[in-house]
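S.K.: I'd like to ask some things about the structure below.
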Amino acid sequence: MKRIGLLSLLACALAGCKSIPPPTPLDQLNPQQARGHEVYQAHCQICHNDRTDTPLAGPALRGIFKKQYLPSGAAATDERVSATILHGRNMMPAQGNVIDHQDLDDLLAYLHTL
Ligand code: HEC
Numbered sequence: 066m067k068r069i070g071l072l073s074l075l076a077c078a079l080a081g082c083k084s085i086p087p088p089t090p091l092d093q094l095n096p097q098q099a100r101g102h103e104v105y106q107a108h109c110q111i112c113h114n115d116r117t118d119t120p121l122a123g124p125a126l127r128g129i130f131k132k133q134y135l136p137s138g139a140a141a142t143d144e145r146v147s148a149t150i151l152h153g154r155n156m157m158p159a160q161g162n163v164i165d166h167q168d169l170d171d172l173l174a175y176l177h178t179l
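Its first residue numbered 66, the sequence shown is counted upward by one per residue in our numbering.
What follows is the structure in structure tokens.
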């Protein structure tokens with residue numbers, strides 16, 4: 066009996082214990098999420114992966130709202146992510162000049178599918 070507990074502990078340690086559900090497939094996005102994906106491609110993709118955990122210039126956005134905290138340690142909330150997008154953060158340039166209110170809403174809808 067004890068061995069089973071140990072085995073699952075080991076499996077958990079090997080898997081990193083942070084398996085999160087995969088992103089919604091692109092062909093299953095609703096219209097707003099699909100619009101958000103276009104915004105992501107235009108303004109974020111160059112620095113952020115969305116469907117892998119590999120960092121580019123910035124951290125991967127896969128599972129961004131499925132985890133409790135952002136890479137910086139801040140709470141993963143719409144408010145916090147919106148502020149990062151609009152005002153930038155350290156090496157991340159502010160996007161507020163190229164992203165309007167509608168773009169931001171659509172982008173957030175997409176980021177929630179990751
Ligand atoms: C020129 C490269 C670049 C672009 C373009 C860019 N980012 Fe970033 N992003 C970064 C870097 C670098 C960081 C790490 C900043 C830090 O915490 O030091 C980052 C961090 C983040 C974070 C994590 C913030 C935190 O608190 O940990 C989020 C979320 C994010 N970016 C979303 C986006 C979205 C959405 C877009 C598109 C609108 C975008 N970024 C465009 C470079 C970029």
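Glycine residues also receive a C-beta, built at the ideal position from the N, C-alpha and C atoms.
Roughly how many angstroms separate the alpha carbons of P65 and R100, rounded to a whole number?
M.R.: The question about residue 65 has no answer here: the residues shown for the chain are numbered 66 through 179.
S.K.: Leaving out five residues on either side along the sequence, give the residues of the same chain with a beta carbon under 7 Å from the beta carbon of L121.
M.R.: Stepping through the sequence shown from its first residue, residue 121 is reached at position 56. Closer than 7 Å at Cβ, skipping near neighbours: C112, H113 and N114.
S.K.: Using a Cβ-Cβ cutoff of less than 7 Å, which residues in the same chain neighbour T89 once the five nearest sequence positions on both sides are dropped?
M.R.: Counted from its first residue, the sequence shown places residue 89 at position 24. So the list reads T178, once near-sequence residues are dropped.
S.K.: Ignore the nearest five residues each way along the sequence and tell me which others in L151's own chain have a CB closer than 6 Å to its CB.
M.R.: Start at 1 with the first residue of the sequence shown, and residue 151 comes out as number 86. Cβ within range, chain order: G161.
S.K.: CB-CB under 6 Å to Q98, same chain, minus the five flanking residues each way: which ones, in chain order?
M.R.: The count along the sequence shown starts at 1 and reaches residue 98 at position 33. Around Q98: A174, Y175 and T178.
S.K.: State buried or exposed for L172, treating a residue as buried only when at least 16 other CB atoms are found within 10 Å of its CB.
M.R.: Position 107 of the sequence shown, counted from the first residue, corresponds to residue 172. So L172 counts as buried.
S.K.: Am I right that K131 and P86 are in contact with their C-beta atoms under 8 Å? What's the rounded C-beta distance?
M.R.: In the sequence shown, counting from the first residue as 1, residue 131 sits at position 66. In the sequence shown, counting from the first residue as 1, residue 86 sits at position 21. Indeed they touch by this definition, with Cβ atoms about 7 Å apart.
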